[in-house]
Amino acid sequence: MNDKPLILVIDDEEAMRDSCTQILVKHGFRVETAPDGQSGLEKAASLKPDLALIDLKMPGISGLDVLNKIKEIDSEIISIVITGYATVESAVEAMKRGAYDFLPKPFTPEELRIIIRRALERRELAREAEKLKREKKLLEENFITLVSHQLRSPLIAIQQYFETILGGYAGEMSPQIKDMMLRAKERIKDLLQLINDWLDLARINRQELVTRFKPVGLQALLQKQIETFMPLAKESSITINLEREASSDTVMADEQSLEQALANIIHNAIKYNRPGGKVIIRLWEKNSSLAIDIEDTGIGIPPEHLPHIFDQFYRVPLTGRGMTKGTGLGLSIAKKIIEAHDGRIEVKSVPNKGSTFTVILPLARTP
Ligand code: ADP
343 MNDKPLILVI
353 DDEEAMRDSC
363 TQILVKHGFR
373 VETAPDGQSG
383 LEKAASLKPD
393 LALIDLKMPG
403 ISGLDVLNKI
413 KEIDSEIISI
423 VITGYATVES
433 AVEAMKRGAY
443 DFLPKPFTPE
453 ELRIIIRRAL
463 ERRELAREAE
473 KLKREKKLLE
483 ENFITLVSHQ
493 LRSPLIAIQQ
503 YFETILGGYA
513 GEMSPQIKDM
523 MLRAKERIKD
533 LLQLINDWLD
543 LARINRQELV
553 TRFKPVGLQA
563 LLQKQIETFM
573 PLAKESSITI
583 NLEREASSDT
593 VMADEQSLEQ
603 ALANIIHNAI
613 KYNRPGGKVI
623 IRLWEKNSSL
633 AIDIEDTGIG
643 IPPEHLPHIF
653 DQFYRVPLTG
663 RGMTKGTGLG
673 LSIAKKIIEA
683 HDGRIEVKSV
693 PNKGSTFTVI
703 LPLARTP
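Counting from 343, one number per residue, gives the positions in the sequence shown under the working numbering.
Structure, rendered in structure tokens:
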């Protein structure tokens, strides 16, 4: 393995090839040369240089074509074009086609050295960034596997034991022990909920969601959610109403994810409401977008907490405001899903009066 960067000089002028070779070898680079585009491309394919120095004006295959083809051979090869004064426009064209930089003739050895060093440094940084991105992704994937297998599986097994014991299958137990077992079971349920929510959040991936996009009618989706949440709302005598003001209600969406995002917000509108309160869901058009208001008459959110409620694990302290269970992940999940749909979520809230969450999604274009 040779650490010295390899530079391929493609130029029809022998004097230019020789002078570049002399300068670059002196500065510690390996150099290969080619007198025309065709042999340049052959060398690029077989030697995979780090950088190609390409004369724009050559007989045969033009410098611009060589530039394009080198990108196809290996997108990591950096290209710098050498231009005569008369070809500044082509230099601009070359930059548009992905050349890293251009070097007008005549140039000094120092100019050549600097431009090549800079290009190689940039490439190194880009490679480093790419490597870090790959490592981060791997780490995330490993973490997801760890959480789902090492944490979730034993908890499910424990939950199973609790069911058996509490079902009386392991013998009699005193009321005190039973009470403790019930509380422990409840805590395990909460912990599992937290792990499941966290896994949901970690798994949301825009690229994957987009592959499942199809036209989804929001009215039907919201109606279904209302039916699902009605029993919970009734427990606190809360009413839920759907008002439609939009003529079209179709968005491009991954239905299951969008359902989850809206369910989290509707669930909150019930959870943080007051007994006998109201939830109003309003579907309306805003320019070329669809907006869904989810309005409640609940406890509201103090202004100092509003900027943080979409943060992971953030919960507004409930001192003196009753008790609710939650993981602090519901809104983070909703926001991530909505943003993966090119939408956004906004909130307005008045403490002790209520909150309105507005989800804005691009309207599906009708053919
Ligand atoms: P949680 O599991 O705690 O409900 P969320 O991420 O869904 O987590 O919400 C974060 C916090 O935002 C909640 O703990 C609550 O304090 C506040 N919140 C969310 N929705 C509402 C609402 N409709 N009314 C009042 N507070 C809300």
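All C-beta atoms, glycine included, are put in the ideal place defined by N, C-alpha and C.
- Closest in alpha carbon position to F655, among Q535, I580 and F504, is Q535.
- Distance from the CA of L551 to the CA of I680, rounded to the nearest whole angstrom, comes to 11 Å.
- For R525, the three-state secondary structure derived from DSSP is helix.
- Distance from the C-beta of I702 to the nearest heavy atom of the ligand ADP is not below 7 Å.
- Residue state for D635 is assigned as strand, using DSSP reduced to three classes.
- Around the C-beta of A471, fewer than 16 other C-beta atoms lie within 10 Å, and the residue is accordingly described as exposed.
- In the structure shown, E688 adopts extended strand secondary structure according to DSSP, grouped into three states.
- One thing to note: P573 has its Cβ no nearer than 8 Å to the Cβ of G642.
- Per DSSP, the unbroken beta strand (DSSP E) holding A394 starts and ends at L393 to D397.
- By DSSP's assignment, E585 forms a beta bridge with R624.
- Ranked by Cα distance from V701, the first of G668, I634, I651 and I396 is I634.
- Across the set S495, E431, D591 and Y511, the C-alpha of E431 shows the shortest separation from the C-alpha of K399.
- Only exposed fits G370, as fewer than 16 other CB atoms lie within 10 angstroms of its CB.
- Under the DSSP assignment, M594 falls in the beta strand (DSSP E) whose first and last residues are T592 to A595.
- Collapsing the DSSP output to three states places V430 in a helix.
- Beta-bridge partners of A376 (DSSP): I352.
- A distance criterion of 7 Å places the beta-carbon of G640 in contact range of the ligand ADP, judged by its closest non-hydrogen atom.
- Judged by beta-carbon spacing, E418 lies beyond the 8 Å limit of P391, meaning their Cβ atoms are not closer than that value.
- Here the distance from the Cβ of K613 to the nearest heavy atom of the ligand ADP is below 7 Å.
- Judged by DSSP secondary structure, K556 falls within the beta strand (DSSP E) whose first and last residues are K556 to G559.
- With a cut-off of 7 Å, the C-beta of V658 is classified as near the ligand ADP, since at least one heavy atom of the ligand falls inside that distance.
- Pairing I456 with F449, the inter-Cα distance amounts to about 11 Å.
- Set against 7 Å, the gap from the CB of I651 to the closest heavy atom of the ligand ADP is smaller.
- With contacts defined by Cβ atoms closer than 8 Å, I636 and T698 form a contacting pair.
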